[in-house]
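Going line by line, the protein sequences match chains A, B, C and D.
As numbered in full-length UniProt numbering, residues 1 to 398 make up the first sequence, in order.
As numbered in full-length UniProt numbering, residues 1 to 398 make up the second sequence, in order.
As numbered in full-length UniProt numbering, residues 1 to 398 make up the third sequence, in order.
As numbered in full-length UniProt numbering, residues 1 to 398 make up the fourth sequence, in order.
In this text, a Cβ means the ideal position worked out from N, Cα and C, and glycines have one as well.
Since this is a predicted model, take the numbers as computed values, not measurements.
4 protein chains.
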Amino acid sequence: MGINEPLNRKLRMALVGGGQGSFIGRVHSIAACLDNRAVLTAGALSSNPERAKSSAPDYGIEDSRAYTSYQELIESELALPEDQRIDFVSIATPNHVHFEVAQAAVKAGFNVVCDKPMTYDLAQAEQLLETVQNSDVVFALSHNYTGYPLVRQARAMVLAGELGEINAIRSRYIQGWLRDSIESDDQKQAAWRTDPTKSGAAGAFGDIGTHAYNLGRFMTGLLPEQISCHLKTYVPGRRLDDYGTAVIRYENGALGTVTASQISHGRHCGLEIEIDGTKGSLTWHQENPNEMSFRRNGKAHQILVPPPEPEYQDRMGAGVCRLPAGHPEAFFEAFANIYIGAFDDMVKRAAGQPFDGRDSIYTNCYDGVEGMYFIQQCVASSGQDAAWVPLRHEAARR
Amino acid sequence: MGINEPLNRKLRMALVGGGQGSFIGRVHSIAACLDNRAVLTAGALSSNPERAKSSAPDYGIEDSRAYTSYQELIESELALPEDQRIDFVSIATPNHVHFEVAQAAVKAGFNVVCDKPMTYDLAQAEQLLETVQNSDVVFALSHNYTGYPLVRQARAMVLAGELGEINAIRSRYIQGWLRDSIESDDQKQAAWRTDPTKSGAAGAFGDIGTHAYNLGRFMTGLLPEQISCHLKTYVPGRRLDDYGTAVIRYENGALGTVTASQISHGRHCGLEIEIDGTKGSLTWHQENPNEMSFRRNGKAHQILVPPPEPEYQDRMGAGVCRLPAGHPEAFFEAFANIYIGAFDDMVKRAAGQPFDGRDSIYTNCYDGVEGMYFIQQCVASSGQDAAWVPLRHEAARR
Amino acid sequence: MGINEPLNRKLRMALVGGGQGSFIGRVHSIAACLDNRAVLTAGALSSNPERAKSSAPDYGIEDSRAYTSYQELIESELALPEDQRIDFVSIATPNHVHFEVAQAAVKAGFNVVCDKPMTYDLAQAEQLLETVQNSDVVFALSHNYTGYPLVRQARAMVLAGELGEINAIRSRYIQGWLRDSIESDDQKQAAWRTDPTKSGAAGAFGDIGTHAYNLGRFMTGLLPEQISCHLKTYVPGRRLDDYGTAVIRYENGALGTVTASQISHGRHCGLEIEIDGTKGSLTWHQENPNEMSFRRNGKAHQILVPPPEPEYQDRMGAGVCRLPAGHPEAFFEAFANIYIGAFDDMVKRAAGQPFDGRDSIYTNCYDGVEGMYFIQQCVASSGQDAAWVPLRHEAARR
Amino acid sequence: MGINEPLNRKLRMALVGGGQGSFIGRVHSIAACLDNRAVLTAGALSSNPERAKSSAPDYGIEDSRAYTSYQELIESELALPEDQRIDFVSIATPNHVHFEVAQAAVKAGFNVVCDKPMTYDLAQAEQLLETVQNSDVVFALSHNYTGYPLVRQARAMVLAGELGEINAIRSRYIQGWLRDSIESDDQKQAAWRTDPTKSGAAGAFGDIGTHAYNLGRFMTGLLPEQISCHLKTYVPGRRLDDYGTAVIRYENGALGTVTASQISHGRHCGLEIEIDGTKGSLTWHQENPNEMSFRRNGKAHQILVPPPEPEYQDRMGAGVCRLPAGHPEAFFEAFANIYIGAFDDMVKRAAGQPFDGRDSIYTNCYDGVEGMYFIQQCVASSGQDAAWVPLRHEAARR
């Protein structure tokens, strides 16, 4: 079977952002190309034209397609013959630039894979969703943790009813790298993440709290109703939250808790989730992603691994596992699983076949609106002494 | 050195509660006698006189000192010559009986080791505290998890400033045994715990949420200011909460979260705590009690074990470890550590020496008041849509 | 039900060894008394008469029954009326003294619980076995790790055929406390263990290698045929092995490996075992004793815990678990499980009932002979460049 | 900085083997291209010409460079202009074909990355080594586990003396997938691995025992002297070993143990290693590759993670970590680290710079000879009742 059949060619990728000093741009590039289904062809790697040019050789992008702005990229690529033109744009800029790049790319008819959070604020997110809805492009949002095989399996198990009715979701994302005011030393990653003009209304809660929230939504499909949130800034002089905790009431009566920290010494990417249902419970930890606990009263505790043993194989396609059990796959492979889901739809689109951009296996524009709404409401609640505020966004995915 | 020097004899124990079908009575008995410093001598093992008598041989209590009520026990023991009379009373009845037994024992001049929660409600707790304050007895409360060596070490490290200023405490106690309505089948442990006339105002939060809260208090010494709490009852027909989560504001600005569940499939005694300070962070899990993580940015992650390696030995006396490293000690030994702390003070009292019943290493009457206040305020907050309510009790330990 | 019914009294224990500075004497005392079925009544706590006397108050032994030699202990106790006389002798002396004490106690008709290794050499062990066989006493040997609930469950599962035919056993006991020549500093525990006149023919292999070997024998019941062993002494000047590895051929064709180390930095009691059968495999680690992995191809990996979930309850009586799941029991409780097995037989004997001292759940005199034979053959093989030597002892338990 | 500077272009890869049904061919392809330094350009994907052609589109190889034999590949590529010609050949065929392909490729002047074991037998390996020595090509052998960051760190720590003199190495590779005779069902992976005409003289010991042995050699650099080995075949009808254990004497007096199993139920890639030195000990497990235990008596147990904390950074370049701590990297990334080491040398060669193909960070032809010698001597020893045989190969890497 050819690559991206029936296209039988690799998809052509453009990267916006990702210039020298970037972390997430390189991740997008590796993840997108991991399965040999895409090739990085063009880029607008920095808002600084010089750096945009000088970073291109790092990625093997030819100088002729190393653009000095996303506008130039879109314009120039549109001018190319269709069989050379890029298929999709990956957006790896700081948060506040996502919106304009994404809008422009979608309007130009390019598929988009956007880093999260999707936009700077909710208004932008809603506007972008409308743009996407009015287009026929594929739009994926890199809530990359949803790409882990066991996260997919958890979702499949919940949807198949194996956990029964869901009562509780506890999720956390615990880091420590912002324990000190490293933004004062101009550490690039820290600087924009703690700057409200670039990062958005929230700090830790926007950066990683959204992942913890999204993970629970993805695994369970429960619909949120209200939230009460406390955001704290522990590092003196910092302008955004570096710690916070929220309680969520779901429509079905379930209770959720989300905690995010960037000030916990020695912690790295402590994204953990526990789900309690009437028939079973699951726990999963991102730093040891190839094990998931499944427990049921009266039965032995099970450790599930990917690819699943035969008794669980009907719960998850093996499609997102590249290796036999015991050969660990990790962060890049999970990230790549977001991409291959989107690629499947990009190929369908290119082949003139229908695809469902709303109920997709990869996180998408609807998740993006929901994420921005989550951030907005967390900040609003925190500003009112943790009062209950709504967390139900009709336009976002149901 | 003799036992309980300068007494040079074992302390004589009376057990109230603990008759057939009891779980915690046996635990008290084993824990108290583990180190050969006490001998179980008398008992009023059940409120049912027949069972009180018939349970005595299980414990090796002579029939003549197997009383049919706690009143009879106190009266009869007081009538014995001092060199035969019991030294202390351990209370292992259902919660609603704690108060009257404890009051009577203290008033009679007997030392007391009381199971937690200390009383049925706050008013009783405050009254009991006053009684204890007006006496010279030793009063210990079995928040047994504070007896684990690594919990003691955590406290010592925090007090020594090794974690810096504390910013966050996250603690949880996750169980699953009440996932189904086993109280309907008259399971004895479930029946009284889910009955508000016996258990008190709260279910899961009273039974185990208090442990999770107390553990954070014990390890850090932070003083609480306000709490917001959500209690849920997921099992149909149940009269008390079986799940809940609370957020605590401490006086120093730190944020605490406490979650308790009795409806999480396959979970047993998942008491976990994480503490974040400006200089370091700790995590500990009761089900694997002989490991504690200590992390500091820029330093390798350390796994601390008991007894501590030399570089940590000044932080904790070896007094609560009976075995060399690698020989695991567990639940009973931790429970016994509460007892040996109290024994030290009982011996001092008997020898006419002063002791500090307030700032003791074992949890005590002040913790008891605080625990009852915690329960009351959790229920109050939960009843007002999780509103903030005070959590500062002046009379309780500061 | 009374204690030790139909005796309805505690058993009276004498301790030989265990004076000041001893580790294992205290362990025997705590373990024996943990379940309130025995009381420490007499002792000959040291071969040094002065220390024998002065150590007695530590244990609460009355001066009148604090003897200055085991001979005096046996003689004096025999002279006491039967209702005061001790029931059993626990032997916690250095290895080279075990034999004479045990011989004398058995000949005097006292039950014995002997620390392992049973004797100084095989000849003594065989002689002791004969003595025991010619008596009617209960004789237990404290291969204490066989007392862990999950070790018992493993045995039950193997015997019930749930693992199928056993093909392989891999066991190890890894420590680090003898990494340096602490015997040169006269550390008491190190001094006798590295002294061939006190410890016996082997060092690490006698002290802990025997545990690793015995554990595999206990769990599987496989009968050994031949062994090839390499013993090493890494610490300069040491007179006995501090590291070694052996390969065992079992009669059924299975292959066993046993490794013991006392020179592995930072390791404490790393006793681990893995068992491979045609139908399933098990792994267990002493330092985390309340979890056992059970794996079968095509099925989810299971983590078994004590007390077992209902689906496993027919494989192990709950008799050796004192607490519900999640309340960890550990070293002392496992040790106590050896004692309560022996107590059951002591009670039977006292009541004139038959008991099977050979096929007992507690490790016994037959295991003791086997252990001494194992040590002897390991040393023999190692002395011949790891040649194969027999490991089949007809007199030992089959 | 450009890709593969000063070449400033991707390296062109040819894959031999890897046709439909192959596992390891896909792994080589993903690993080689992961860092965007190589592009898969040509292939001879199967010895079956039809399958060789039909598999090419899977990899995006153009039909014109999808050859039907490795001979055709080499001949045709040599005929291409240098700026189109492949730079290296990756060999992912069954073991018995490695030699002829590698010989031909090396003789034609192509760099080679060969899957392990390097050849079918030792004679071939020695001959290939000679060929490589007489050439100027880069030759890498995919002992891929040596590419894990923490394995590299272990090596660096040992070489820097942080563990002191090494006394013991214990390594194991435990799998379960050949528990049943799946070769009888013609499962492709099982069929050739259990066929002595394709796999070589050993089964499990050749396939995975070599990894366990090589890992110890790589981490410590200890030189072997003698080996005693027992190979077993537990599955009826199987023609090669599926279980085995070996003891190794190193020149410095250290003792090594290597165990390999393919019949342990539910085990996947249980490659574990423990190293004991006079100053410290290390343990690492491939299935949880981002943690390594470092222990020293008297110091807290440390859990090392990649990239290393500052206190360990001088021990390992960050060059093999693509992500910050907490973002797990795994099997593919480790495999890719073998490739990027080889790429560095390929670039040097292309630029006319010297490189050291013997003392390379990637495993190479010398490791290959050593591996084949290891297999030969294991089989020889096992055939002589586990007699000691030499394990010192002068031509292999010292």
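Counting C-beta pairs closer than 8 Å gives fewer than three between the segment 317–327 of chain C and the segment 122–138 of chain C, which falls short of the contact rule. Scanning its chain for C-beta atoms nearer than 6 Å, with the 5 sequence neighbours on each side dropped, one finds around E272 (chain B) the residues R172 and H285, in chain order. Proximity of A202 (chain C) to chain D, defined by a Cβ-Cβ separation below 8 Å, is not satisfied.
Taking a contact to require three or more Cβ pairs closer than 8 Å, the segment 379–391 of chain B and the segment 157–170 of chain B do not qualify as touching.
Between P307 (chain A) and D186 (chain D), the alpha-carbon positions lie close to 21 Å from each other.
The bridge partners DSSP lists for V112 (chain C) are C:V89 and C:F139. Rounded to the nearest whole angstrom, the C-alpha separation of H393 (chain A) and I375 (chain A) is 12 Å.
Taking a Cβ-Cβ cut-off of 7 Å, the neighbours of N8 (chain B) in chain C comprise P57, given in sequence order. Shown here, T245 (chain D) sits in a strand according to DSSP, grouped into three states.
The shortest CA-to-CA distance from G298 (chain C) to any of D:E370, D:R267 and D:E309 is the one to D:R267. Across the structure, A104 (chain B) and Q71 (chain B) are spaced so that their CA atoms are roughly 8 Å apart. Closer than 8 Å to the CB of N48 (chain D) there is not a single CB belonging to chain A. When Cβ-Cβ separations below 8 Å define contact, A190 (chain A) makes no contact with chain D. Comparing alpha carbon positions, the residue from C:V101, C:V138, C:F332 and C:A66 closest to P49 (chain C) is C:A66.
Per the Cβ contact rule, the segment 15–29 of chain D is not in contact with the segment 277–297 of chain C (fewer than 3 Cβ pairs under 8 Å).
Residue state for I174 (chain A) is assigned as strand, using DSSP reduced to three classes. In terms of beta-carbon proximity, F294 (chain B) stays away from the interface with chain C, with every pair separated by 8 Å or more. Under DSSP, the beta-bridge partners assigned to H301 (chain C) are A:I303.
Here the alpha carbons of D345 (chain A) and F331 (chain D) stand approximately 28 Å from one another. K232 (chain C): member of the beta strand (DSSP E) spanning P224 to K232, first to last residue. Contact of A160 (chain C) with chain A is not assigned, every C-beta pair being separated by 8 Å or more.
Straight across, the Cα-Cα distance linking D242 (chain D) with H230 (chain C) is about 24 Å. A residue is called buried once 16 or more other Cβ atoms fall within 10 Å of its Cβ, and L159 (chain B), having fewer, is exposed. DSSP places R152 (chain B) inside the alpha helix (DSSP H), whose first and last residues are P149 to L159. Against chain A, the CB of G319 (chain C) has no partner CB under 8 Å away; the residue lies outside that interface. Here P390 (chain D) carries a strand assignment [DSSP, helix/strand/coil]. Contacts with chain C at 8 Å (Cβ-Cβ) do not include Y120 (chain A). G266 (chain D) sits in coil when the DSSP states are folded into three classes, being neither helix nor strand.
In terms of Cα proximity to R358 (chain C), the closest of C:D87, C:Q133 and C:M1 is C:Q133. For L15 (chain D), the enclosing beta strand (DSSP E) has its first and last residue at L11 to G17. By the neighbour-count definition (other C-beta atoms within 10 Å, threshold 16), S264 (chain A) is a buried residue.
Residue contact check for G326 (chain B) against chain D: no CB pair falls below 8 Å. Using a Cβ-Cβ cut-off of 8 Å, A300 (chain C) counts as an interface residue toward chain A, since at least one Cβ of chain A sits closer than that to its own.
Note on the segment 20–55 of chain B: whole beta strand (DSSP E) runs with a minimum of 3 residues are 38–44, in chain order. Around the CB of T197 (chain A), fewer than 16 other CB atoms lie within 10 Å, so the residue is classed as exposed.
Spatial neighbours of L222 (chain A) in its own chain (CB-CB distance under 8 Å, excluding positions within 5 residues in sequence) are listed in chain order as I166, I169, G216, Y250, E251, N252, A254 and G256.
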